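Everything in the sequence shown is counted per my numbering, starting at 19 for the first residue and increasing by one. Ideal placement from N, C-alpha and C gives every residue a C-beta, glycine not left out. This one's a predicted model, so the numbers in the text were calculated from it and none came from an experiment.
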Amino acid sequence: MANDKTSANAWDSVGLDSADSVNAKDSAEFVNLANLDSANSTNRNGVDYVNIKDSADSVADLAESAIKNSPDSAPDLILKNPLDMHIHLREGEVLEAVLPFSARYFSSALAMPNLKTPLLNTNLVMSYKAQIEGVLKTQNLDSFKPTLSLYVSENLDKNELLEAQKNGIRILKLYPKGATTGSESGVSEILNQKIMDIFEMAEEMGFILSIHGESNGFCMEREFEFGAVFAELARTFPRMKIIMEHLSDRRSIPLLERCPNLFATLTLHHISMSLDDVLGAGLNPHFFCKPMLKTPQDRDALLELALNAHPKVSFGSDSAPHLESAKLAQNGSAGIFSAPILIPRLCEIFEANGKLENLQKFISDNAIKIYDLAVVGDSVDFKDSVAFADSGDFKDLSNLGKSRQDSAISSKDSTNFSDYAKIPAKTIKLIKGNFKNLDSIKTRFGHIIPLLAGANLSWKIQEK
């Protein structure tokens with residue numbers, strides 16, 4: 019059975035010390051990660067949101083300058099099978115409004131399960147999948163496949179895992195209770211025996227564990243504090259792939275690189291923005307998200323991972339639409355709606371840094387390998403998983419897994435998960451030219467403001 023105690027030496031077990039770029043501190047300084055108390059969540063009541071506008075922010079200015087400075091002779095760019103491995107599609111009319119921005123240009127997107135009614139069992143997941151597929155059919159978006167995830171709760175058991183597996187649900191999503199939007203049904207004691215037993219079963223069955231990795235401590239330290247939990251889970255379950263979702267803190271990078279079974283998603287906003295975009299020129303609630311945007315140094319370190327298409331990271335937008343009224347409320351909703359500009363903006367960023375050749379890996383190839391996917395109708399075979407445990411890219415982990423250290427990371431045959439692995443082939447072409455982003459998206463309930471609302475971008479997707 020899995021150990022239910024938090025390892026006091028969790029960081030030591032993965033070889034992190036003062037010689038690394040991360041400031042690991044003494045483990046006693048970490049929050050009590052076996053008991054994440056939602057009562058410590060930041061209270062944002064009383065914050066003044068007067069006179070907030072998107073149009074003058076520094077990020078929009080950067081987007082405008084990219085057009086002026088971009089070479090007219092830049093070649094067209096072909097991207098194959100773009101994947102968004104972390105997205106919030108919402109429900110009902112909002113789903114209908116936002117889904118086309120992803121479905122037109124991505125082969126698949128991993129939809130998060132933290133809905134108003136969280137997807138706590140397979141029946142709920144399959145009902146949500148049917149809702150998404152209904153919208154796709156109505157809007158003639160037939161070259162997109164939604165990938166679904168199951169919300170981890172303390173009531174999850176082996177029978178439910180078997181049912182999920184039978185229905186092609188391979189991703190388990192863990193939310194620390196109270197850490198983010200829709201986490202009220204999350205887990206308050208992640209390393210207790212019951213949850214660890216669930217993870218042990220999941221490891222044996224070949225599930226992939228996706229985690230919103232934040233404590234309920236001070237907002238700028240939450241991801242770093244959660245590092246001890248990531249280290250303990252990676253040590254205890256060395257054959258299970260664990261995804262560090264929406265990496266935001268550069269101090270997490272050494273942990274990512276040292277644990278063979280840890281992987282990460284990166285968002286557009288965390289690799290291109292910092293806390294200064296939220297607060298520097300006046301409070302901008304449209305840039306408020308969780309995890310928080312952090313320092314320019316964090317942004318730049320994460321950007322380097324993306325630009326170099328680090329084999330352990332893949333693209334996950336964490337695009338999270340909220341009505342404008344909810345964003346401007348006194349206790350405003352966390353989330354950035356980035357779906358309308360994702361691919362053109364990524365092209366700008368990679369071009370500006372001379373790394374356009376790596377965008378294909380970052381936005382598709384890495385995810386296909388990490389998540390054991392297979393492109394249907396594509397001539398390129400990506401079905402082989404990366405040999406993570408044997409890769410020379412990562413430093414030796416003499417203590418990883420302890421008695422289980424000889425076990426290989428699970429890359430179970432994806433046929434164990436019905437048609438989970440199959441994604442449709444899709445090719446998109448980007449050309450140089452002015453692309454003006456929408457100012458807002460209208461729904462019956464109100465407007466949704468996208469990232470860089472109204473901005474002009476220097477790349478656009480050529481419509482067929």
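{"query": "Which whole-angstrom value is the C-beta distance of Leu-190 and Glu-250, which I expect to be below 8 Å?", "result": "Actually they are not in contact, since the Cβ atoms of Leu-190 and Glu-250 sit about 17 Å apart, beyond 8 Å."}
{"query": "DSSP three-state call for Asn-177: helix, strand or coil?", "result": "helix"}
{"query": "Where does Tyr-146 sit, in a helix, a strand or coil, going by DSSP?", "result": "helix"}
{"query": "Quick one: is Asp-336 buried, meaning 16 or more other Cβ sit within 10 Å of its Cβ, or exposed?", "result": "buried"}
{"query": "For Ala-129, which residues from the same chain have a beta carbon less than 8 Å from its beta carbon, with the 5 sequence-adjacent residues on both sides left out?", "result": "Ile-105, His-106, Leu-107, Tyr-146, Ile-150, Pro-164, Thr-165, Leu-166 and Ser-167"}
{"query": "Under 8 Å: do the stretch 338–347 and the stretch 281–294 share three or more Cβ pairs, one atom per stretch?", "result": "no"}
{"query": "Given a cut-off of 8 Å, decide if Lys-478 and Asn-99 are closer than it, judged by their beta-carbon atoms.", "result": "no"}
{"query": "In terms of DSSP beta bridges, what is Pro-164 paired with?", "result": "Ala-127"}
{"query": "Cutting at 7 Å between CB atoms, please list the residues of its own chain near Pro-309, excluding the five before and the five after it.", "result": "Glu-232, Arg-240, Glu-241, His-264 and Ser-266"}
{"query": "What does the Cβ neighbour count give for Glu-481, buried or exposed, with the cut at 16 atoms within 10 Å?", "result": "exposed"}
{"query": "Per the contact definition of three or more C-beta pairs closer than 8 Å, is the stretch 449–468 in contact with the stretch 175–186?", "result": "no"}
{"query": "So what's Leu-251 in DSSP terms, helix, strand or just coil?", "result": "helix"}
{"query": "Considering Ser-476, what are the terminal residues of the beta strand (DSSP E) in which it resides?", "result": "474–479"}
{"query": "Within 10 Å of its beta-carbon, does Leu-174 have 16 or more other beta-carbons around it, so buried, or fewer, so exposed?", "result": "buried"}
{"query": "Taking C-beta to C-beta, are Leu-94 and Leu-448 nearer than 8 Å?", "result": "Note that residue 94 is Asp in the sequence shown here, rather than Leu. In contact: Asp-94 and Leu-448 (Cβ atoms closer than 8 Å)."}
{"query": "What separation, rounded to the nearest whole angstrom, lies between the Cα atoms of Ser-351 and Phe-306?", "result": "8 Å"}
{"query": "Please name the residue or residues paired with Phe-333 in a DSSP beta bridge.", "result": "Leu-284"}
{"query": "From Thr-140 to Glu-181, what distance separates their C-alpha atoms?", "result": "7 Å"}
{"query": "Could you please give the first and the last residue of the uninterrupted beta strand (DSSP E) stretch that includes Pro-194?", "result": "Where Pro-194 is concerned, there is no enclosing beta strand (DSSP E), given that its DSSP letter is neither H nor E."}
{"query": "Are Leu-284 and Phe-333 touching if we call contact CB-CB under 8 Å?", "result": "yes"}
{"query": "May I ask you to list the residues that DSSP assigns as paired with Met-262?", "result": "Ile-229 and Ala-282"}
{"query": "Is DSSP giving Gly-353 helix, strand or coil here?", "result": "coil"}
{"query": "Out of Leu-137, Gly-224, Leu-346 and Ser-125, state which residue places its alpha-carbon closest to the alpha-carbon of Ile-361.", "result": "Ser-125"}
{"query": "Can you tell me the Cβ-Cβ gap for Met-262 and Ile-229, rounded? I've got them flagged as a contact below 8 Å.", "result": "7 Å"}
{"query": "Given Ala-319, which residues of its chain have a CB within under 8 Å of its CB, disregarding the five upstream and five downstream residues?", "result": "Arg-268 and Ile-271"}
{"query": "Given a cut-off of 8 Å on the beta-carbon distance, is the pair Lys-345 and Pro-314 in contact?", "result": "no"}
{"query": "Please report the distance separating the alpha-carbon of Leu-117 from that of Ala-471.", "result": "18 Å"}
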